[in-house]
Amino acid sequence: MSDNNLEEIYRTNVNLETAQIAWKELQRFFASGMAVHVSSELDLVEVAFQMSKDNAEYIQQWMDAGKIGKVEDEQAATWIEADAMVWAVVVKPYVLVQTAHQLQ
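Taking this note's numbering, the leading residue of the sequence shown gets 6, the next gets one more, and so forth.
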């Protein structure tokens with residue numbers, strides 16, 4: 006099996022592990038600094054895939070552009086107030102989150 010086929014299989018698996026969840030259910034990850042916000046401009050599955058591959062080049066570009074980073078207090082408070090649902094996927098030790106309505 007080629008590397009491209011293996012990568013597509015892995016991306017499919019990441020996609021299957023992605024789910025909508027209430028932000029309030031992720032508070033312990035936020036409190037421990039392990040909740041990472043992914044901009045709606047990015048594909049959550051692709052970000053998770055690149056992080057799992059430890060692709061520092063992509064990750065650094067996204068961080069420098071402000072497209073991924075730890076969930077800020079203000080964003081967390083907004084999601085709590087709105088009882089928001091987010092898309093989430095685990096890339097240990099992090100939980101990547103993205104606003105749910107922007108993906109539908």
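For every residue, glycine included, the Cβ atom is placed at its ideal position computed from N, Cα and C.
If you drop the 5 nearest sequence neighbours on each side, which residues of the same chain put their C-beta closer than 7 Å to that of residue i?
i	result
Y63	Q55
Just to confirm my understanding: we take residue i, look at its own chain, exclude 5 residues before and 5 after, and list those with CB closer than 6 Å. What are they?
i	result
L47	K72
A89	W28
E22	V94
Could you round the C-beta distance between residue i and residue j to whole angstroms and report it? I think they count as a contact, below 8 Å.
i	j	result
Q103	V91	6 Å
R16	V52	About 11 Å; that fails the 8 Å criterion.
On the criterion of 16 or more Cβ atoms from any shown chain inside 10 Å, does residue i qualify as buried, or is it exposed?
i	result
A87	exposed
A24	exposed
Requested in this report: Write down every uninterrupted run of the beta strand (DSSP E) in the stretch 55-92 whose length is 3 residues or greater and which is fully enclosed by it, in chain order.
Outcome: Those beta strand (DSSP E) runs which fall completely within the stretch 55-92 and span 3+ residues are 73-75.
**Report entry** the stretch 93-100 touching the stretch 19-35, judged by at least three CB pairs closer than 8 Å
**Finding:** Contact between the stretch 93-100 and the stretch 19-35 is present, because at least three Cβ pairs lie under 8 Å.
Requested in this report: Identify every run of the alpha helix (DSSP H) within the stretch 23-47, keeping only runs that are complete inside it and at least 4 residues long; order them along the chain.
Outcome: Those alpha helix (DSSP H) runs which fall completely within the stretch 23-47 and span 4+ residues are 32-36.
Query raised in the report: Hey, is the stretch 39-46 in contact with the stretch 68-88, meaning 3+ C-beta pairs nearer than 8 Å?
Result: With a cut-off of 8 Å, the stretch 68-88 and the stretch 39-46 count as touching, because enough Cβ pairs lie within range.
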